[in-house]
Structures are given as structure tokens and as C-alpha cells.
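Numbering (mature numbering (1 follows the signal peptide of the UniProt record, and there is no 0)), first residue to last: -21 to -1, 1 to 414. Even for Gly, the Cβ is constructed at its ideal location relative to N, Cα and C. All figures in this text were calculated on a predicted structure; none of them were measured in a lab. Worksheet for the structure shown next.
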Amino acid sequence: MKLKKSGIVASTLVVALGLSACGQSNGNKAEPSADKPFAGQKLTVFALAHPWTDGMKASLGEFESATGIKVDLQVFPEEQLQQKLAVQFTSGAQTPDVFTYRPFMEKLLYDKNGWTEPLDGYVTKDAGYTFDDFSKASVDGSMVNGKLMSIPLWTDQFVMYYRKDLLEQNNIPVPKTLTEFEAAVKKLNDPSKDFYGFVSRGQRNALVSAAASFIYSEGGDFIVDGKAAINTPEAIRGLGMYANLLKNYGPKGALNMGWPQAAALFAQGKAAFYVDASALYNNTTDPEKSLVADKVGFAPFPAGSAGQKPYAIAAWALAMNPKSEKKDAAWAFMEWSTNKENVLRIQQSGVPGARDSVWASPNGIEKFPADLAAAIKTTMSIGVDHSVPQVMSVTEARDAVGSVVVKAMLGEDINAAAETANKELQAIIDSDNKK
């Protein structure tokens, strides 16, 4: 991919020659030139060990040649990356200048701690960047209090996996509503043959992101107007539906299942339906991992009483360190790595991008099953921008919400469980507000 004059070279020149109206210092001791607008500058980038990083790194030399910036790319596994970032930011370090993080899990904490730089003033500087090409849900999920705090990198959507062969053999249409979904699940459930109508996450913490779309599609949410809302009729309907599906039509031991166990059971040919993140699809379609690889179909998550509202999140995003002394150069890197050409190029390796245009491109979807690409595209246009409670203490909040499903599956009263959990979630919200 050649760097076009209208793309990264032009945009970095614009920044270097004075369009730093955002008020940032660019920390550049050398005078910018048309050939090397950031000559002599060195950026430190902390990134997750992930195929997106591999794809970006493959063309990094082009960016360095065009801008004169030397990029020190440091790559870490997820847990180590989170630890490294916490150490750097807690100490007030100026590096990394740019980093990857999970906005749906960490954006509120990072914003509260002052660890992310608002980007609103950057994304509008170059019309060629076409920021409006990013999906609405991915952008909304990158906002905090009306401010854009990161640029979405890759996305994840909640979709329905199903056995095409079984639906065809039993004359069952692909479910479009949750009522139809439950009927199909019930019809295909056959535990006497170690075969189940439904499988998904059952572990208390892990199940929350799977149950989320049931809550939304019944008209609820975890938090409404700043208050815990999992004891509302809408949320209870969604949580109850999820609990009943797992309890009545799921495998034994469902309460011990995270996504790896649920996906594996579906891949072993022991379940008719599986609902989870689109990013997990390869676990069910790779012949080396799945016994039903050629029998898996994908569709948008069915509509509930409040309509079709699956989650569609920015799984990871690119953010800027507010203490960086090289913010214009940092933005040049962020702009380049998330421009249309690079998002398309990296998506062609199988990493689902956040720009709408790449899902409209035949080249952008060629690595994905056609029905999955269609389901992702639909979900990106209608999806909810979060899959877990939007609080700083996400782990604790997930435990509280997940306990409602667990208790319901164990036969306890779901309304009482929801009241207890709602108080716990509200306490977390109140604690966050005091920090």
C-alpha cells in the first residue's frame, strides 16, 4: 500500500505546520519539513499482542519513511500490558505516547485517572480521515461524558450461531425473534442423546456480556440515568430468559462454562444454537477445531419485545497519553494506523475493523463467512455500544449482575436476586462517584 499525498503525508504536514489548535505541545526541536515533517522524533507505542498489531507492524516502515518518526513499538500480552500501563501512568510518565486499551472495560477508570487525552480536536482536522466512517456504536463506546477518548481498532458483535443442517432437516426457519428462538431451541433439545438446544456462558462473571443483549432486547439496561437498573421488569425479563434457556435447554455443568467451554461444546456438535461474540467464530468454523465446521450458520441476534438490540462494541481502541510531549506526532501515528486503507488491509487478514466502509467492500469481507459478515454489518448498524455495566469497577459489577442468572438457574427467586444485585451495583456506582 502506497502512502498517498492526500493521506498520511498530507495530514502529518498539516499537523506539523501548525494545526495543533488542540493546544498540545509537539515536543519537536527540529523544524518540520515537507519531506520529513516529524524528523528526529521518537514515539513509544504500547500495544496488545494481537493480529491487529501484527498487521499494523507490517507497514510501519512506510509510516516512518513518510513522516521521519521512529516508532518504538512494544508489544505485550493483555495482562502484562495492563500492568505496564498502570505503572507508567501512575508514575506520571510521558510514555507510552500511544497505547491500546479496552474502552468497554477501562474507559471510565482511565478517564477518571486522567490517563487518556480527548481526541475531538484531532479527528476533524483532516477531512480525508473521514471519521464519520467509523460505526456509530464503536464511536459511542469510545466516548466519556461527550468526549472522544480513543479511536476504535477492532470490534465485536453479539451474534447467533446455529446448525444449518439441523434447522433444514427440521423445517425450522432461522429465528428472527426471541420467541421463535426459544421454540427452536426447545424443539431441538435432546439431553437423552447428550445434545442440547442451547449453549452459552454460565460462569457468573463471564455470562454478563452474553446476557446483556437479552436485557437490551427486552428494553432494559444495567444502568439507567446513572442508577442501577437490573431490578426493573425489563432487565429481569432479559436475565430470566437467559437463565431459563441455560437451565432448561443447556448442558449439565453450564454454570462452570466460560466462552471456551461453550464454544467447544458447540464445535463438538453437541448444541443446536450458541450465542456469543462474533470474534469467536473461527472456533466453530475451523475444521481443525470443529466437527461441524461446514454446518455452522450465523445470523443477527433475534429481536425481543423491545426490538433487535445486540451489543456491538469497540473491543480495543487506540488512545493517547495526555502527558506525551509529542502529541501531534502521536496523532499522526493514530491517524495513519486507523485510516481507511490500513483498516481495510488489516481486516483482510481477518481482524474485524470499526469502519463501515470495510464491511461494504468485497475485499473487506472475503475472509469471513458470508452470513457472518452480513450479521456483523447488520449488528454494527443497530447495536448497543456496551456489553457490561459502565462503571470503573467492572469486575465487581459483573459479579453482581451475573449472580442473578446463577441464582435463577439454581431455583431461587429471580426478583429477590435482582433486588439484592441491584443494591450491590448501586453501591459500586456510588463508590465510583466518590473517587
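Starting from residue i, follow its DSSP beta bridges and name the residues at the other end.
{"i": "Q53", "result": "F25"}
{"i": "K206", "result": "V203"}
{"i": "residue 466", "result": "Nothing in the structure corresponds to residue 466, since the chain is present only between -21 and 414."}
{"i": "D169", "result": "F174"}
{"i": "T46", "result": "None, per the DSSP bridge assignment."}
{"i": "R142", "result": "V275"}
{"i": "A282", "result": "T156"}
{"i": "D255", "result": "V138"}
{"i": "K78", "result": "First, the amino acid is wrong: residue 78 is Phe here, not Lys. F25 and A298."}
{"i": "M122", "result": "L127"}
{"i": "V322", "result": "The partner list for V322 (beta bridge, DSSP) is empty, contrary to what the question assumes."}
{"i": "residue 442", "result": "Absent from the model: residue 442. The displayed extent of the chain is -21 to 414, so no value can be given."}
{"i": "V380", "result": "Paired residues: none, contrary to the question."}
{"i": "V363", "result": "Y290"}
Taking 7 angstroms as the cut-off, decide whether the C-beta atoms of residue i and residue j are in contact.
{"i": "A222", "j": "V384", "result": "yes"}
{"i": "residue 418", "j": "F78", "result": "Past the boundaries of the shown model lies residue 418; the chain is included only from -21 to 414, so the question cannot be answered."}
{"i": "S129", "j": "P82", "result": "yes"}
{"i": "T156", "j": "P281", "result": "yes"}
{"i": "A185", "j": "S366", "result": "no"}
{"i": "Q53", "j": "A207", "result": "no"}
{"i": "D76", "j": "A309", "result": "yes"}
{"i": "K274", "j": "K143", "result": "yes"}
{"i": "N150", "j": "Y228", "result": "no"}
{"i": "S179", "j": "V123", "result": "no"}
{"i": "W133", "j": "P331", "result": "yes"}
{"i": "Q20", "j": "I48", "result": "yes"}
{"i": "P97", "j": "F113", "result": "no"}
{"i": "F277", "j": "L224", "result": "no"}
{"i": "S382", "j": "R183", "result": "yes"}
{"i": "K356", "j": "S336", "result": "no"}
{"i": "T263", "j": "Y140", "result": "yes"}
{"i": "E267", "j": "Y108", "result": "no"}
{"i": "L39", "j": "V50", "result": "yes"}
{"i": "I344", "j": "G120", "result": "no"}
{"i": "A251", "j": "G176", "result": "yes"}
{"i": "S197", "j": "S284", "result": "Note that residue 197 corresponds to Glu in the displayed sequence, not to Ser. A contact, by the Cβ cut-off of 7 angstroms."}
{"i": "I194", "j": "N401", "result": "no"}
Classify residue i: buried if its beta carbon has 16 or more other beta carbons within 10 angstroms, exposed otherwise.
{"i": "V138", "result": "buried"}
{"i": "S4", "result": "Bear in mind that the predicted position of S4 carries a pLDDT of just 39, short of 50, making it too unreliable to give a figure here."}
{"i": "G2", "result": "Note that G2 scores a pLDDT of 38, beneath 50, so its modelled location is shaky; the value from the coordinates is reported in the next line. Exposed, by the Cβ-count rule."}
{"i": "A246", "result": "buried"}
{"i": "N412", "result": "exposed"}
{"i": "residue 445", "result": "Because the chain spans -21 through 414 in this model, residue 445 falls outside it and cannot be assessed."}
{"i": "E213", "result": "buried"}
{"i": "V203", "result": "exposed"}
{"i": "P170", "result": "exposed"}
{"i": "I325", "result": "buried"}
{"i": "A339", "result": "exposed"}
{"i": "P152", "result": "exposed"}
{"i": "K8", "result": "The predicted model places K8 with a pLDDT of 41, which falls under 50 and marks its position as unreliable; any figure quoted below should be read in that light. It counts as exposed."}
{"i": "P368", "result": "buried"}
{"i": "V66", "result": "exposed"}
{"i": "D392", "result": "exposed"}
{"i": "S372", "result": "buried"}
{"i": "N321", "result": "buried"}
For residue i, name the three-state secondary structure that DSSP assigns.
{"i": "M128", "result": "coil"}
{"i": "F137", "result": "strand"}
{"i": "P152", "result": "coil"}
{"i": "L404", "result": "helix"}
{"i": "A9", "result": "Confidence in A9 is poor, its pLDDT being 42 and thus under 50, which makes the residue's placement too unreliable to answer from."}
{"i": "D99", "result": "helix"}
{"i": "M371", "result": "coil"}
{"i": "I236", "result": "First, the amino acid is wrong: residue 236 is Met here, not Ile. Coil."}
{"i": "Y260", "result": "coil"}
{"i": "R216", "result": "helix"}
{"i": "D14", "result": "coil"}
{"i": "F312", "result": "helix"}
{"i": "T211", "result": "coil"}
{"i": "L270", "result": "coil"}
{"i": "T358", "result": "helix"}
{"i": "A291", "result": "strand"}
{"i": "A185", "result": "coil"}
{"i": "L389", "result": "coil"}
{"i": "S303", "result": "coil"}
{"i": "T399", "result": "helix"}
{"i": "D350", "result": "helix"}
Since I believe residue j is in contact with residue i (beta carbons under 8 angstroms), could you give me their beta-carbon distance rounded to a whole number of angstroms?
{"i": "D135", "j": "A294", "result": "4 angstroms"}
{"i": "K288", "j": "V363", "result": "6 angstroms"}
{"i": "L27", "j": "F55", "result": "7 angstroms"}
{"i": "A242", "j": "L259", "result": "5 angstroms"}
{"i": "E375", "j": "I408", "result": "In fact, because the Cβ distance is near 11 angstroms, the residues do not count as touching under 8 angstroms."}
Tell me whether residue i counts as near the ligand SAH, meaning its Cβ is closer than 6 angstroms to at least one heavy atom of that ligand.
{"i": "G248", "result": "This structure simply doesn't include the ligand SAH, nor any ligand for that matter."}
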